[in-house]
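Below: the structure, in structure tokens.
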Amino acid sequence: MLTLLEQIDKGTLWRIPGGIHPPEHKSLSNQSEIARLPLADHYLVPVPGVGENCTLAVKAGDTVTKGQPLTLGEGFRYLPVHAPASGKVIAIEARASNHASALPVLTCVIENDHQEQWIDTVHAPLSPEQVAQMDNDAIISRVQAAGIAGLGGAAFPTHIKLKPVSDIELLIINGVECEPYITSDDKLMQEACDEIVRGIAIIHQLLGPKRIIVAIEDNKPQAIEQMSHALNRSQLPSHCARVSKIPTLYPSGGEKQLIQILTGQEVPSGAIPANLGILVQNVGTAYSITQAVYRNMPLIERVVTLTGQNIAKPGNYWVPIGTPVEHLLAAAQFKGDENSPVIIGGPMMGYMLPNVAAPITKGTNCVLLPSEQEVAPPSPEQPCIRCGECAQACPAQLLPQQLFWHAKAQEYDKAASYNLRDCIECGCCSYVCPSDIPLVEYYRVAKSALRQEAEEKKQAELAKQRFDSRTLRLEQEKQAREEKAKQAAERRKAQMTGSDKDAVAAAMARIKAKKAAQEQDQVPATTNIDDGKGATKPQDKVAAAIARAKAKKAAQKAKSEAPASTEPTESHQQATTANTGEAAAMSQKDKVAAAIARAKAKKAAQNSAEVSEASQGATQDEVQNLGQDAQETAPLSQKEKVAAAIARAKAKKAAQAESAHEAPPQEDAEGEQTATKASTPNATETEASSPEAIKKAKIAAAVAKAKAKKAQQANSEEQVAEPVATDEQAVQAVPADDPGAIKKAKIAAAVEKAKAKKAQQEKTGKEVAEQAASDEQAIQEAPVEDAEAIKKAKIAAAVAKAKAKKLAKAQAENPNNEHKD
Amino acid sequence: MSQVIIAIILLGLLALAFGALLGYAAEKFKVEGDPIIDQAEALLPQTQCGQCGYPGCRPYAEAIANGEKINKCPPGGTATMEKLAELMGVDPEPLTASAETQVKKVAFIREDECIGCTKCIQACPVDAILGTGKQMHTVITDYCTGCDLCVEPCPVDCIDMIPVGETLHNWSWQLNAIPVVNISEESKC
Amino acid sequence: MAFKLASSPHLSTKAQTRGLMFKVMLCALPGVLAQCYFFGWGTLIQIALAIAIAIATEAAVLKLRARPVGKTISDNSAALTGLLIGVAIPAMAPWWIAGIGVVFAILVVKQLYGGLGNNIFNPAMAAYVMLLISFPVQMTSWVAPSGAALNDLGFLQSLSIIFQGADAEQILAYRAGIDGVTMATPLDAVKTGLSTGLTLDEILAKASFSDGFGIGWAVINLAYLAGGLVMLKLKLIRWQISTAILASLFVCASIGYLLSPDTHMGPLLHLFSGATMLAAFFIATDPVTAATSTRGRLIFGALIGLLVYLIRSFGGYPDAFAFAVLLANLCAPFIDYYVKPRAYGHRASR
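Chains as they are written, first to last, in our numbering: chain F, 1 to 821; chain U, 1 to 189; chain L, 1 to 350.
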């Protein structure tokens, strides 16, 4: 048994299964030298990688030189594109792509100034000795910078292939060109064989393969001769490089098929040739490598075969990449009309171009313009008679008739089980099919459906992972928060020594005592209210009014007890905790979040009487808390405070849940008293406190104001001037030079305004001018020069507007259900 | 009499033997957990959107295993419904949602309107929204499952659900289904 | 763009189902002519009748199924089915035999399964089996004129016999008056002979084999063989099925003959009598109902050969191709499923 290399040296060839012999039609285009066509006025260079691995290096209006890179990118997978001509970038926009779908892609449109001004990095050719001294990285970076992609059609970045993961033993230079009509590689081999061989030598220098085979089909005798001579002339060791003449058979130019012909090995399904130690490069790619390494010349033009009977001047042309196909058609005298097909690539694997404005790309080796005699319009599909000719022709030894059967029935997973993904879409099966079934089209549809399915599966998997980790994270955060809250509460208990705290504690104690009393005898304890009156008179009045309003409301809604309505409050509170937890570092955010949470609690409060109590509890607690904050400021961190507040609110709620049915009015009154009490010292003490404390105070004041407003709405007969006055007091008390505080105030005011609006909608009969006036006041009081604050206020206003809108919608939908928004 | 005893003994032995065999088989081919739930979950699109009325895909999969209807997953579309029907051995039913909701969409935040309230961030079940308080938010399109959950909480209505467009990557070779537009007339060059 | 976008490849062979079917029919011509020579005008009449009914039935069913009639008819598959039924039924069988058979083949076996490409069974053979079971007398009355007597029964006479329902007795009387040749097919004769305890040599020594009757069948088979070879040459069929059938039948028959020459027909007799060549080249190769892969076809053919031998030797019917083909049709999807070729890049271990 000979080793593989010995067999290769002997020139042994293997047979591939299947394959066909379509009419070649190569003489149409291979009669003349590679020529040039007049340059186009506009070039279209697609930049599809922008946003993925690179950014645009130019913008519309820039002047570019020929060969200038249009994108900037990093990473090994990045492949630059270059301006094919000097001129001006007139647009960077979506244009039709050179693709079977012609879907638009981002494209640089370059207006050619016909100056042919090259970028200055391109230099005179180096000598082979100089190139031999370059190190591998330098060569590969030149290849990458030149933007070289496989010119055989697949357009895979060449520099990636030149840095394979495994050792390359065999280098195959693909000059097979088995597709009918195409002669671009054939002509290139005849005319530029030395450059190609130099390119081969560069790859040899990079990878040091044991053998190099230039594979050419036996229908190109001149190319075989030229390449043999060039190899003999070259520096390459003579034992290692040879030209291999392979029998003409379509699709022996396919990478996998060529490997099978030359080595008898099969590339395992899903693997790449490099896994076998084999590298396949197209001759055109070898040529471009030479240009890039010797001259630092980017890949901006390639040989394109223009052929078919619908064109007056068929032949091979050097075409700048980016030339619109319609320009080529005009230059080569296209004879067809707009209904004549334009095929990019050969007749077997090429695709019809729906839009001739699309540009030539790096992978475009042929533009075929066939007459109707050459490529007939597809005849209607007939039923498959399972003749099995397709299976005989299939070079991948698939069962096309089974694939077709399943693909047509859209049983894509079954089609996949018949190895659909190993189909190379060579078209042999469709070619031999007596029933004119467009098999390849079915496979492509099935493949893309499978691809999409896989993509969706991946997406689903990702989504699930992210969902799970999010759930886990929330759970952990919740636990951490609870832990902290517990600690903070303990600490606070320990610190409760100061007189202010004593007062609060006393208030709390009173509330609790009262509750206990209520539970016992259920007697309305009016004396408690009297007790409260002793503290400060105006606030007391307000509190009483509020209490009355609340009581009324509660009475109204007592009938429809909504047990579920506690849930929203709970969730809002959770939201609040989430907010605070997430932004531990940001005190500002904390506050806003707290405000939002409060607002939400309020909203919930409107939903039902039960909830209103609960939320009031929460709110008043927060206010209390804030009051405390204002007084103590330093020792506790923001977050802890908020957490403590929440904890307390919860405790309160629990307490309320117990005594919910028993005499809510008293409790409300008590709560309000406490709240007002808490806020009043704030207002008075702010001047002495730190700016932070001032902020707190303001927020508290705002909340108080909001409550007052609500009370006013609930019972318009009540006197409201006082609370507003208190608010005004609070606002005025703030030093005007504290922009942060002002901002806060504004936000608070805006939130309040929003609520007011809502309330207005709910209770249309109420007088709202007053509120509006006070809002205006609040806003006017802020220093006008604080642009930021104004913006914030505006945003707040926007929020309010949005809410109002939503509410209006809800009302329109269900006038009776006005609290649901 | 002895025949009867022999018969009884024989039958008893047989019963023992088969019992042992069955017991062994039950042990050997034991199935861990309820694979139906896992299978059903694998079929669901994992958008975690809750449109089925369950708080996520796993709960819905569990519900399906317990006899819940299979047609409550709009993001999965008819294909998912059919697969579920096959899995559960029930007849396919038309989806509860309209066809319009079955188009794959992703969320898009109109960034100049975003006020940075973080509400959408909290609503997103897959953490696909990036941003922080008072800062503009944006959607990481690759992670977005199109569940719609962020739209409702937005206080300024700045989130749109945009259908995923056709690109060169997801184009499905529906050759003559493409509405062929003659772009050359519209373009300027 | 107004042109219809088409996926690659944009080239196609000129081969069309229509042409394929037509060429197959042409290749059957030598066999048909040989049959005419030995059985008289009746064969041609039956073929013409069967083809006409086949096309008419197909057209009617397509109309009912709201499918394009003209285009589907022109694929010639119905005509080919008609032809095969025409050559398979006895030349002097009454016209309704052909009628029932063809209608059954086209309507039930082919169109009810979804038309061309979707039928499980070979329509012609399914119809033949149906007729054979339902009308055994008419289906086995191979009134066999000797070579010399070809023109004894004129075209019009044949026509009148087929259409006016002259019963077999009359024909027999008529025929007997002319040359007195028995009318059983050689396979029939062997079967009957063997069952009456005669050895093969004795049977073969009987008059029916000596004076050209057996020769007649052999000639017909040779003619079909020639047609089949032409088909192979034109690549209308692939070699695997036919070769496998003949080889398998030959091997089985040889073994049987070697074991017991007195009670088993020799391999040559097997190969050149009955419907062997017709079935091997024209019937079993029907791609729709056969296995599709190379190895699958070999197995499919070998299976038919084996079944034919078994039924001929041990079954109740003298000839067995119809049964064997139908049984193999049943196995074809199974065979296809298990003998998938190893696709490129997939290692042999599976």
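Beta carbons are placed, not taken as given, at the ideal position from N, Cα and C, and that holds for glycine.
Could you spell out where the beta strand (DSSP E) holding residue i opens and where it closes?
i	result
Cys-178 of chain F	Per DSSP, Cys-178 of chain F belongs to no beta strand (DSSP E) and is neither H nor E.
Gln-265 of chain F	Here Gln-265 of chain F belongs to no beta strand (DSSP E), and DSSP marks it neither H nor E.
Gly-320 of chain F	Gly is not the amino acid found at residue 320 of chain F; the sequence shown has Pro there. Where Pro-320 of chain F is concerned, the enclosing beta strand (DSSP E) stretches over 315-320.
Asp-167 of chain F	Where Asp-167 of chain F is concerned, there is no enclosing beta strand (DSSP E), given that its DSSP letter is neither H nor E.
Cys-366 of chain F	366-368
Met-161 of chain U	159-163
Gly-87 of chain F	87-96
Which residues of chain F have a Cβ atom closer than 7 Å to the Cβ of residue i, listed in chain order?
i	result
Thr-13 of chain L	Tyr-431 and Val-432
Leu-20 of chain L	Pro-434
Gln-48 of chain U	Ala-463 and Phe-467
Mind checking which residues open and close the alpha helix (DSSP H) that includes residue i?
i	result
Met-139 of chain L	136-140
Leu-195 of chain U	Not covered by the structure: residue 195 of chain U. The range shown for chain U is 1 to 189.
Leu-299 of chain F	It is not in any alpha helix (DSSP H) - Leu-299 of chain F carries neither H nor E in the DSSP assignment.
Arg-295 of chain L	294-314
Lys-105 of chain U	That residue, Lys-105 of chain U, is in no alpha helix (DSSP H); its beta strand (DSSP E) goes 105-109.
Select from the options the residue whose C-alpha is nearest the C-alpha of residue i.
i	options	result
Ser-435 of chain F	L:His-10, L:Leu-306, L:Ser-8 and L:Ala-15	L:Ala-15
Pro-153 of chain U	U:Ala-25, U:Glu-62 and U:Ala-123	U:Ala-123
Asp-148 of chain U	U:Glu-32, U:Ile-162 and U:Leu-168	U:Ile-162
Ile-344 of chain F	F:Pro-380, F:Glu-255, F:Pro-180 and F:Tyr-250	F:Pro-180
Asp-319 of chain L	L:Met-125, L:Ile-255 and L:Asp-262	L:Met-125
Gln-111 of chain L	L:Tyr-309, L:Phe-163 and L:Lys-63	L:Lys-63
Glu-111 of chain F	F:Ser-86, F:Leu-353, F:Gly-49 and F:Gly-315	F:Ser-86
Leu-329 of chain F	F:Thr-305, F:Pro-347 and F:Met-348	F:Thr-305
Thr-63 of chain F	F:Glu-490, F:His-82, F:Met-297 and F:Arg-77	F:His-82
Phe-404 of chain F	F:Gly-427, F:Glu-425 and F:Tyr-443	F:Tyr-443
Arg-233 of chain F	F:His-21, F:Ser-252 and F:Arg-198	F:Arg-198
Thr-78 of chain U	U:Pro-94, U:Ile-5, U:Thr-141 and U:Ile-64	U:Pro-94
Ala-40 of chain U	U:Ala-128, U:Ala-85, U:Asp-91 and U:Pro-92	U:Ala-85
Ala-100 of chain F	F:Ala-488, F:Pro-341 and F:Ala-507	F:Pro-341
For a contact meaning CB atoms closer than 8 Å, what does residue i contact in chain L?
i	result
Val-375 of chain F	His-10 and Leu-11
Val-440 of chain F	Ser-7, Ser-8 and Pro-9
Gly-175 of chain F	Those within 8 Å of Gly-175 of chain F in chain L number zero; the least Cβ separation is about 22 Å.
Under 9 Å between beta-carbons, which chain L residues line up against residue i? List them in chain order, please.
i	result
Ala-35 of chain F	Near Ala-35 of chain F there are no residues of chain L at all, since even the closest Cβ is about 26 Å away, more than 9 Å.
Met-227 of chain F	Simply none; closest approach about 28 Å.
For residue i, which residues in chain L fall below 7 Å Cβ to Cβ?
i	result
Ser-29 of chain F	Under the 7 Å cutoff, chain L gives no residues; its nearest Cβ is about 16 Å from Ser-29 of chain F.
Find the residues of chain U that neighbour residue i, judging by a C-beta separation of less than 8 Å, and give them in chain order.
i	result
Gln-452 of chain F	Asn-170 and Ser-172
Chain U partners of residue i, CB-CB under 9 Å?
i	result
Val-165 of chain F	Per Cβ cutoff of 9 Å: no residues; Val-165 of chain F is ~25 Å from chain U at best.
Glu-456 of chain F	Pro-45 and Lys-104
Does the beta carbon of residue i sit closer than 8 Å to a beta carbon anywhere in chain C?
i	result
Ala-463 of chain F	Absent here is chain C; the protein component of the structure consists of chains F, U and L.
Which bits of chain F does residue i rub up against, with CB to CB less than 9 Å?
i	result
Thr-17 of chain L	Gln-382, Pro-383, Ile-385, Cys-387, Pro-434, Ser-435 and Asp-436
Pro-125 of chain U	Ala-463, Arg-466, Phe-467, Arg-470 and Thr-471
Anything in the stretch 336-350 of chain L with a Cβ closer than 8 Å to a Cβ of chain F? List those residues in chain order, please. Asp-336, Lys-340, Pro-341, Arg-342, Ala-343, Tyr-344, Gly-345, His-346 and Arg-347
Against chain L: residues of the stretch 249-279 of chain F by CB proximity under 8 Å: Lys-256, Gln-260, Glu-266, Val-267, Pro-268, Ser-269, Gly-270 and Ala-271
Under 7 Å (Cβ pairs) to chain F, residues found in the stretch 66-77 of chain L: Asp-75
Which residue spans inside the stretch 192-255 of chain F form an unbroken beta strand (DSSP E) run of at least 3? 211-217 and 241-246
Please name the residues in the stretch 283-298 of chain L whose beta-carbon is closer than 7 Å to at least one beta-carbon of chain F, in chain order. Pro-287, Val-288, Thr-292 and Ser-293
Of all the alpha helix (DSSP H) runs that stay within the bounds of the stretch 103-134 of chain L, which reach a length of 4 or more residues? 123-134
Output, in sequence order along the chain, the residues in the stretch 108-133 of chain L whose CB is closer than 9 Å to any CB in chain F. Gly-114, Gly-115, Leu-116, Gly-117 and Asn-118
Could you tell me which uninterrupted alpha helix (DSSP H) segments, each at least 4 residues in length, are contained entirely in the stretch 438-496 of chain F, listed from first to last along the chain? 439-495
Start-end ranges of the alpha helix (DSSP H) lying completely within the stretch 322-393 of chain F, minimum 4 residues: 325-331 and 389-393
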